[in-house]
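Numbering (UniProt numbering), first residue to last: 1 to 199. Here a beta-carbon is modelled for each residue, glycine too, at the ideal position from N, C-alpha and C.
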């Protein structure tokens with residue numbers, strides 16, 4: 001076996017472990033990931049699974065990275081071509097609502113669930129979750145500020161406040177879909193976004 005093929009196979013195995021881990025963690029939380037369970041489901045040895053990450057914490061951090069890649073592909077990439085400011089902010093919100101409405105992750109928004117699981121803890125996993133939220137809130141704040149500066153939002157619009165409200169709205173949508181199975185939730189969220197972002 002050539003070194004190149006061996007490295008490619010290792011990457012493929014690592015990717016398969018992460019894909020399964022994201023699916024499990026979406027429904028059962030990051031603490032629901034166990035090396036033994038993953039080994040059994042993937043037909044691997046425990047040492048084979050652990051060898052790709054080194055520790056459960058490293059696995060959890062890698063799962064967060066994979067989930068973030070999926071989120072960005074679903075929400076940021078579709079909105080990125082839009083003109084900066086209000087138009088992009090609206091596109092971001094629409095892609096964000098669609099991501100939840102389509103059930104990209106079986107357990108709803110991966111990061112909302114992870115935040116509830118780790119927000120009262122300390123350590124690298126909690127810090128990584130917080131950093132993801134901070135980055136996303138910063139993106140919303142940046143687009144809100146651009147929209148306000150362009151005159152597309154009312155004079156005096158507080159970009160930080162608007163980002164806070166949009167985050168809260170999407171968390172409420174996630175809750176309505178996951179807990180209440182409300183078929184009208186996405187429509188309600190779209191109406192709320194439209195009302196909040198009307199110039």
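Applying the 10 Å Cβ sphere with the 16-neighbour rule, what's the burial state of residue 116?
exposed
Start and end of the alpha helix (DSSP H) containing residue 96?
86 to 101
Beta strand (DSSP E) segments (min. 3 residues) lying fully within the UniProt domain "HTH tetR-type" (11 to 71)
none
With a Cβ-Cβ cutoff of 8 Å, do residue 177 and residue 123 count as a contact?
no
According to the Cβ coordinates, are residue 203 and residue 92 closer than 8 Å?
Only positions 1 to 199 of the chain appear in the structure, and residue 203 is not among them; the question remains open.
On the criterion of 16 or more Cβ atoms from any shown chain inside 10 Å, does residue 112 qualify as buried, or is it exposed?
buried
Just to confirm my understanding: we take residue 140, look at its own chain, exclude 5 residues before and 5 after, and list those with CB closer than 6 Å. What are they?
163 and 166
Alpha carbon to alpha carbon, what distance is there between residue 174 and residue 103?
10 Å
At which residues does the alpha helix (DSSP H) containing residue 113 begin and terminate?
110 to 118
Of the residues 68, 82, 10 and 57, the one placed nearest residue 48, counting alpha carbons only
Among 68, 82, 10 and 57, the Cα nearest to that of residue 48 belongs to 10.
Out of 81, 135 and 187, point me to the one whose CA is closest to residue 68's CA.
135
Is DSSP giving residue 198 helix, strand or coil here?
coil
Going by DSSP, what residue range makes up the alpha helix (DSSP H) through residue 172?
159 to 178
The alpha helix (DSSP H) that contains residue 105, what's its start and end?
First-last for residue 105: undefined, no H or E at that position.
Assign residue 82 to one of three DSSP states: helix, strand, or coil.
coil
Same chain only: Cβ atoms within 7 Å of residue 211, ignoring 5 sequence neighbours per side:
The requested residue 211 does not occur in the structure, where the chain is confined to residues 1 to 199.
Cβ separation of residue 62 and residue 71, assumed to be a contact under 8 Å, to the nearest whole Å
With 8 Å as the limit, residue 62 and residue 71 do not qualify as a contact, their Cβ atoms being about 15 Å apart.
Which whole-angstrom value describes the C-beta separation of residue 42 and residue 23, a residue pair presumed to lie in contact below a C-beta threshold of 8 Å?
That belief does not hold up - the Cβ atoms of residue 42 and residue 23 are roughly 12 Å apart, past 8 Å.
Give the range of the alpha helix (DSSP H) segment to which residue 153 is assigned.
Counting along the chain, residue 153 falls outside any alpha helix (DSSP H), and DSSP gives it neither H nor E.
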